[in-house]
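Quick note: the sequence shown uses this note's numbering, first residue 518, plus one each step. We put the beta carbon where it would ideally sit given N, CA and C, even for glycine. If you're wondering where the values come from, they're calculated on a predicted model, not measured in any experiment. Only one structure is covered here, and it is reproduced in the block below.
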Amino acid sequence: MRYQIIGRFIELHEGLIELDESQASRRGASLTAVGDGLYRINKPVQFKVSEVIGIDYDPPKPLIDFMMPIEEFPEAAKIVELPEETHIEEEKQFKHKGRR
């Protein structure tokens, strides 16, 4: 599950965590790469407000108020373009309203 940090910061002490390359490079001394964006925490690591992390376990209870779950968005519906005539009619209506 992915979480956005909403408190000033949190600190994690163990487990696997999903990070992007930038996040991992700043914490390289505390992490070991496992592959596919996953890292094992070797030493306590901190994450600041607005960072997004992925963990596969329930957040520790003292930290739950500082982490907001990010739900996966369903696939967006395909946008259907209107026929060209509709765009022209909309422009005419807009121009007509503007002259009053």
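Please report the residue range of the alpha helix (DSSP H) in which residue i lies.
i: E538; result: E538 to R543
Taking all protein chains shown into account, do 16 or more other C-beta atoms lie within 10 angstroms of the C-beta of residue i, making it buried, or fewer, making it exposed?
i: F526; result: exposed
i: V566; result: exposed
i: I522; result: buried
i: I581; result: exposed
Tell me where the beta strand (DSSP E) around residue i begins and ends.
i: Y520; result: R519 to I522
i: P586; result: M584 to I587
i: Y574; result: Neither: Y574 is in no beta strand (DSSP E) and is coded neither H nor E.
i: A546; result: It is not in any beta strand (DSSP E) - A546 carries neither H nor E in the DSSP assignment.
i: L529; result: F526 to L529
i: L533; result: L533 to E535
i: I558; result: L555 to I558
i: V562; result: V562 to K565
Please determine, among the options, the residue with the shortest C-alpha to C-alpha distance to residue i.
i: E538; options: M518, I587 and Y556; result: Y556
i: G545; options: E531, D553 and K560; result: K560
i: H530; options: D553, E588 and F564; result: F564
i: D553; options: L536, V562, P576 and D575; result: L536
i: V562; options: Q540, S547 and E568; result: S547
I'd like the list of long-range same chain contacts for residue i, defined as Cβ closer than 8 angstroms, with 5 residues on each side in sequence excluded.
i: L533; result: V551, L555, Y556, R557, I558, I572 and D573
i: K578; result: none
i: P549; result: In the sequence under discussion, the amino acid at residue 549 is Thr, which differs from the Pro named in the question. Around T549: Y556, R557 and N559.
Beta-carbon within less than 7 angstroms of residue i's beta-carbon, same chain only, minus the 5 sequence neighbours each way: which residues are those?
i: P586; result: M518 and Y520
i: F583; result: I522, I523, G524 and I527
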